[in-house]
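Participant:
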Amino acid sequence: MRQLPHIILLAFFLTAAASCTAVDDTLLSEEVDDFARGVVTVTALIAEEFEIAEEINNLGFTDNLQFQLELGGSPETDLKPLFGATDIAARQNLLSALRGYAEMLVAVASGESVSALYAGLAGTANDLKSLNSGSFNLSHSLSFLESNRLVSDVSFFDELFILPERDKRLLPIVEKGADTVKKTAILLYFDIGAKEDQSSKCSFTYPGNDLTAAMSTLRLCKGGLRSIVSNAIAFDTGIWKDRLAYMKGGGSGNSGGRAIAINRLVRLQKLGQSLDRLLADTQSALAAMVAAHESIGSTLGATQKSFSLSLSETSKNLIFTEKVRALASTAADIKTALADITATSITAQDFQGTPQQNLLSGDSDDK
Amino acid sequence: MTNSYQDALSKLQQAQDALNVQDISQLPAPQLANLEKSKAAVYGEIQALQAKAIEDRDDLYAAMTDSFRDCKSDLTRLSDWVTGRKARDQAIFTMLTKGISIALSLLA
Chain V
8 MRQLPHIILL
18 AFFLTAAASC
28 TAVDDTLLSE
38 EVDDFARGVV
48 TVTALIAEEF
58 EIAEEINNLG
68 FTDNLQFQLE
78 LGGSPETDLK
88 PLFGATDIAA
98 RQNLLSALRG
108 YAEMLVAVAS
118 GESVSALYAG
128 LAGTANDLKS
138 LNSGSFNLSH
148 SLSFLESNRL
158 VSDVSFFDEL
168 FILPERDKRL
178 LPIVEKGADT
188 VKKTAILLYF
198 DIGAKEDQSS
208 KCSFTYPGND
218 LTAAMSTLRL
228 CKGGLRSIVS
238 NAIAFDTGIW
248 KDRLAYMKGG
258 GSGNSGGRAI
268 AINRLVRLQK
278 LGQSLDRLLA
288 DTQSALAAMV
298 AAHESIGSTL
308 GATQKSFSLS
318 LSETSKNLIF
328 TEKVRALAST
338 AADIKTALAD
348 ITATSITAQD
358 FQGTPQQNLL
368 SGDSDDK
Chain Y
6 MTNSYQDALS
16 KLQQAQDALN
26 VQDISQLPAP
36 QLANLEKSKA
46 AVYGEIQALQ
56 AKAIEDRDDL
66 YAAMTDSFRD
76 CKSDLTRLSD
86 WVTGRKARDQ
96 AIFTMLTKGI
106 SIALSLLA
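Going down the list, the sequences are from chains V and Y. According to the working numbering, the first sequence is numbered sequentially starting from 8. According to the working numbering, the second sequence is numbered sequentially starting from 6.
1. Counting Cβ pairs, one atom from each stretch, are 3 or more of them under 8 angstroms apart for the region 38 to 47 of chain V and the region 108 to 127 of chain V?
2. Going by beta-carbon coordinates alone, are ASN144 of chain V and GLY231 of chain V separated by less than 9 angstroms?
3. Determine the direct distance from the alpha carbon of VAL49 of chain V to that of ILE59 of chain V, and round the result to whole angstroms.
4. Kindly indicate which residue of V:CYS228, V:LEU225, V:PHE168 and V:LEU272 has the alpha-carbon position closest to the one of TRP247 of chain V.
5. Just confirm the distance between the C-beta atoms of LEU65 of chain Y and LEU109 of chain Y, as a whole number of angstroms; I'd bet it's less than 8 angstroms.
6. What in chain V is Cβ-close to SER72 of chain Y, meaning under 7 angstroms?
7. Return the CA-CA distance between ALA239 of chain V and ASP12 of chain Y, expressed in angstroms with no decimal places.
8. Do GLY49 of chain Y and SER72 of chain Y have their C-beta atoms within less than 9 angstroms of each other?
9. If you draw a straight line from the alpha carbon of LEU54 of chain Y to that of ASP40 of chain V, how long is it in whole angstroms?
10. For ASP204 of chain V and ILE326 of chain V, what's the separation of their Cα atoms in angstroms?
11. So, does the CB of GLY45 of chain V fall closer than 9 angstroms to a CB anywhere in chain Y?
12. How is the alpha helix (DSSP H) around GLU153 of chain V delimited, first residue to last?
13. I'd like to check one pair, ALA126 of chain V with SER223 of chain V: are the Cβ atoms closer than 9 angstroms?
14. Output the residue ranges of the alpha helix (DSSP H) runs that lie fully inside the region 31 to 102 of chain Y and measure 4 residues or longer, sorted by chain position.
15. Buried or exposed: which applies to PHE68 of chain V, given that a residue is buried once 16 or more other Cβ atoms fall within 10 Å of its Cβ?
16. Examine chain V for any beta-carbon lying closer than 9 angstroms to the beta-carbon of ILE105 of chain Y, and answer yes or no.
17. Does GLN19 of chain Y have its Cβ less than 9 angstroms from a Cβ in chain V?
18. If you drop the 5 nearest sequence neighbours on each side, which residues of the same chain put their C-beta closer than 8 angstroms to that of LYS342 of chain V?
19. Write down the C-beta distance between ALA45 of chain Y and GLU83 of chain V rounded to the nearest angstrom, noting that I regard them as a contact closer than 8 angstroms.
20. Rounded to whole angstroms, how far is the Cβ of ALA23 of chain Y from the Cβ of MET100 of chain Y, which I believe are closer than 8 angstroms?
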């Protein structure tokens, strides 16, 4: 019976915790820290995803080159990267701006000086002004005007960076930053794109998204990094399918070569599936990032007005953190899988065996 | 025939799909080498169209990569080789013929 008051107290506490969360400085500081850590991780992952796409393109080029040489062909030997230096720099600039903004929030929340941070961001801020829609993959789902407007909106980071110099209060910065953070997330979301059309309008026009609505309402047409990666995987997979078919037709090969081709074919397809899931999850993490940023604004507002926040509001940051943690783990697995594939050295000897036979009648003109 | 960038991308994807589904087990090595080179050129052109910025997808298309422009002769040679087969053999390479003709229509 002596435990009864404790049980009542615990029940009261749990009920209160389930319905609302008291806002204090520690909670706010942790929320901003978690947000910034999530932004740093997700921006680094996006940059890595573009690098992975290039590696897969290199792999396809190498496999195609080797197969053509084995067939006695005269292949194109100049590797064409998917993305130019300017396009990569534009994305890095945007990702740096987002990361810099998140780090600035941490500095302001913890009362640290933002001068050094601002000095480091001056170059980024300057480069943002020269961004243009041409450096991103947007034309699959946005008109030229919409693309330009979106890129123009993200250059507003420039003005956000100077705010703490004038006013070290977090709330006005977060309020002013909300639109820019969302537009940046949307731009990156479109840039990552879609593997297939998500709107019935895609075959004749743009899907006509309302960019002020929730990101979950966005419908894209096929294009962007997901489509590029999917095509790169399909290209390389096609080479191994052709190798198998060529061996089947008696072209060349032995059981070892066939086993290698089958192994590569399966691993490539699994890699493609994992990578597309990673890119889709990155888009989902970007939407969670926007929600987490809004949650910081709500926490700040609640602090000022001394009212409590709902659990659903405070959980937005946790959702973002959890999504980013899962992303980082998947990305690490994908990099390992890709490294294993690229490290597998395959030589022409692996595929030597039965000599080439004439497969069709009257092939004297095949040379 | 003129094409917009959007039309060209769609046709290139159709050409790629047709070339990919062709059973190549009965294709002799020289023609297969030629086909693999053409596939790489079509792939590179699709990736260039997807990765490079195009201001307006309705603008008039012009081939973006040298590899695709240069593969016209490879595609023509492949087409000639299939045409030179007996009718029974030509039927085996229906998808190859389809892929080649779509790709060539963009290089006309």
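Glycine is no exception: its CB is placed at the ideal position from the N, C-alpha and C atoms. Only a predicted model underlies this, so the values are computations on that prediction, with no experimental measurement involved.
Facilitator: With the structure as the only source:
1. yes
2. yes
3. 15 angstroms
4. V:LEU272
5. At roughly 18 angstroms, the Cβ-Cβ gap does not stay under 8 angstroms, so LEU65 of chain Y and LEU109 of chain Y are not in contact.
6. GLU83
7. 21 angstroms
8. yes
9. 40 angstroms
10. 28 angstroms
11. no
12. 151 to 161
13. no
14. 34 to 56, 71 to 75, 77 to 88 and 92 to 97
15. buried
16. no
17. no
18. GLU55 and ILE59
19. 7 angstroms
20. 5 angstroms
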